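Counting from 604, one number per residue, gives the positions in the sequence shown under our numbering.
Below you'll find the structure, written out as structure tokens, and then a few comments.
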Amino acid sequence: MASQPSATTATSATTTAGATTATSATTTAGATTTAVKTARPRLINAIGSFVFNVIGGAMLAFAGPPALPRGSTVTVKVSSLTMPDTGQKVQANWYFPQNADTTTRMIYFQHGFMAVAPMYSYTLAALAQSTNSIVVAPTLSSNAFDPKARWLGGSADQQAVADLFAGDRSALTESASAAAGHQVTLPTSFVLVGHSLGGALVTGAAGRMVDDGAVANLQGVVLMDSVDLNNVVPTALQKLTGADYRPVYDISSEPYVWNRDGLVGRELEAARPGQFNGVMLVGGRHIDALQGANPVLQFAEYAVAGFSKPSNVEAVKILAGGWINDMFAGTHTGSYGSPQQAIEIGTKAGTATAVTLPFASEQPVRATPWDGIAQLILNAVMQVAVYEPMAQTTTSRAVSAVL
């Protein structure tokens, strides 16, 4: 039996939406109680929320419904999903493999910041087919100004995703059944997958599953060039230890602005030194995992974050599919390696090269002429983003606080 940890108390101060937030956490025998005194919403939260919500709605409308790649045997349907705790009703894309039976698994996928789930339809169809999994991909908000922290980077959505898999999973079952057009019994075991900021969200949710009991059915976490904004990944990894240990693997691009210079890869190595924590794709870019049917959005993503090599696009699917199959089966047949080992991955688009973490060099690459501008914008958003729910107030008080 592991020895009981001693009681510790930690106090920290962070800045949220321009105001200081003091947090005091007391830990005794592994249980954590956190008292948070949060800032109140300000006018910037109202304005920012309006702008981000309009952009998010426009993105979802322009992306259109999820479409399948040629030759896919998967069926994709759309329904609504009511998130626990927050009560938000969101769009969910459901991918059903052909001839689903008792051997079928389940994957929860989370898109990245300022993206929507249909933009990943080719990637998710491939994962559903190669792993024989039902894949659910909800579109969550990217509104970093939401006072209730109901967005990809907020604690509220991390908890909501964790609680989707707790208890009888009624919200998931209702959504899946509505999408399929008949009653669906979902597989018990599941894997979490996330791209960009969605990777931090699913990792944070995995950590919270230790508290709500859902971790018992969690087989692992696969990250696709994950981004961490608020120390979410290290916090979750502290919980995913001992009997609650679960593999967390990252498919990283080369370190650059869009993955915060490889931050999550470094966080994984710091938390789990000497273990296999994932790979970096040589020449990899942040959009390698984002593959869908809308050519305009696809080109726009490439133009902003750098163009992907076709071989790396295919390698993401192969790597993720192999690891997910191993997580479910308890096998070790996917692509792994010793630290900084080069691994060649044959794909239909040519050979891709992955190098096992840790990074051989943490020197950031420059993928586009506007990487510096992107850095300034991302830093600005991070400074005003709401990571924990803020104290509620009236609109008039919020306006007067600014004036």
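Think of the CB as a built atom: it goes at the ideal place given N, C-alpha and C, for glycine as much as any other residue.
As the structure is a prediction and not an experimental result, all values here were calculated from the model.
{"Asked": "Collapsed DSSP secondary structure at P741 in the structure displayed", "Found": "strand"}
{"Asked": "Whole runs of the beta strand (DSSP E) within the stretch 649-736, excluding any shorter than 3 residues", "Found": "678-685, 692-699, 708-713"}
{"Asked": "Nearest residue (CA-CA) to A720, options L671, P687, A763, R708", "Found": "L671"}
{"Asked": "Under the three-state DSSP convention, the category L755 falls into", "Found": "coil"}
{"Asked": "Residue closest to F712, alpha-carbon to alpha-carbon, out of D847, F793, N833", "Found": "F793"}
{"Asked": "Close-in-space but distant-in-sequence residues of the same chain around A817 (CB under 7 Å, 5 per side omitted)", "Found": "A765, F768, A769"}
{"Asked": "Of the residues F748, T791, D815, A781, the one placed nearest A1008, counting alpha carbons only", "Found": "Summary: the structure shown does not reach residue 1008, with the chain confined to residues 604 through 1006, and so no result is reported for it."}
{"Asked": "Same chain, Cβ closer than 7 Å to A839, five either side skipped, listed in chain order", "Found": "T806, G807, A809, G810"}
{"Asked": "Continuous beta strand (DSSP E) stretch holding I890: start and end", "Found": "Careful: I890 lies outside any beta strand (DSSP E) and carries neither H nor E."}
{"Asked": "Enclosing beta strand (DSSP E) for M985 [first to last residue]", "Found": "No beta strand (DSSP E) holds M985; the alpha helix (DSSP H) holding it covers 974-987."}
{"Asked": "Cβ contact check for the stretch 662-682 and the stretch 781-791: 3 or more pairs under 8 Å", "Found": "yes"}
{"Asked": "Exposure of H714, with buried meaning 16 or more beta-carbon neighbours within 10 Å", "Found": "buried"}
{"Asked": "Proximity winner among Q732, L663, R753, T706, relative to Y990 (alpha-carbon distances)", "Found": "R753"}
{"Asked": "Counted within 10 angstroms of its Cβ, other Cβ atoms place F902 as buried (16 or more) or exposed", "Found": "exposed"}
{"Asked": "Nearest neighbour of Y848, chosen from L821, G949, A994 [CA to CA]", "Found": "L821"}
{"Asked": "Separation of A955 from A994, as counted between CA atoms", "Found": "49 Å"}
{"Asked": "Boundaries (first-last residue) of the beta strand (DSSP E) holding E947", "Found": "945-950"}
{"Asked": "Every unbroken beta strand (DSSP E) within the stretch 745-816, with a cutoff of 3 residues, ordered by chain", "Found": "793-798"}
{"Asked": "Proximal residues to D864 (C-beta, below 8 Å), its chain only, five neighbours per side dropped", "Found": "P858, E965, P967"}
{"Asked": "Beta-carbon separation (whole angstroms), G868 vs P790, contact threshold 8 Å", "Found": "30 Å between Cβ atoms; not a contact."}
{"Asked": "Proximity of A729 and K951 at Cβ, strictly below 8 Å", "Found": "no"}
{"Asked": "Endpoints, the alpha helix (DSSP H) within which V901 is located", "Found": "The sequence as given places Gln at residue 901; Val does not occur at that position. Looking at the DSSP string, the run of the alpha helix (DSSP H) that includes Q901 is 898-908."}
{"Asked": "Cβ neighbours of S652 in the same chain (closer than 7 Å, five flanking residues each side left out)", "Found": "N746, F748, D749"}
{"Asked": "Span of the beta strand (DSSP E), counted from its first residue to its last, around M827", "Found": "821-827"}
{"Asked": "Distance, N696 Cα to Q986 Cα", "Found": "32 Å"}
{"Asked": "Supposed contact pair D891 and S856 - C-beta distance, whole angstroms, cut 8 Å", "Found": "6 Å"}
{"Asked": "Cross-strand partners of L884 (DSSP beta bridge)", "Found": "A957"}
{"Asked": "Cross-strand partners of D853 (DSSP beta bridge)", "Found": "L826, G881"}
{"Asked": "Short Cβ contact (8 Å threshold) for L795 with V739", "Found": "no"}
{"Asked": "Chain-order list of residues whose beta-carbon lies under 6 Å from that of Q694 (same chain, five-residue window excluded)", "Found": "T742"}
{"Asked": "Limits of the alpha helix (DSSP H) - the one that Q841 falls within", "Found": "835-842"}
{"Asked": "Neighbourhood of A666 by C-beta distance below 8 Å, restricted to the same chain and skipping five residues each side", "Found": "V719, P721, M722, G895, N897, L900"}
{"Asked": "Cβ-based burial, S914 [other Cβ within 10 Å; buried from 16]", "Found": "buried"}
{"Asked": "Cβ-based burial, A988 [other Cβ within 10 Å; buried from 16]", "Found": "buried"}
{"Asked": "Residues near G909 by beta carbon distance below 6 Å, same chain, minus five either side", "Found": "R888, A970, T971"}
{"Asked": "Residue environment, L979, which counts as buried when at least 16 other CB atoms sit within 10 Å", "Found": "exposed"}
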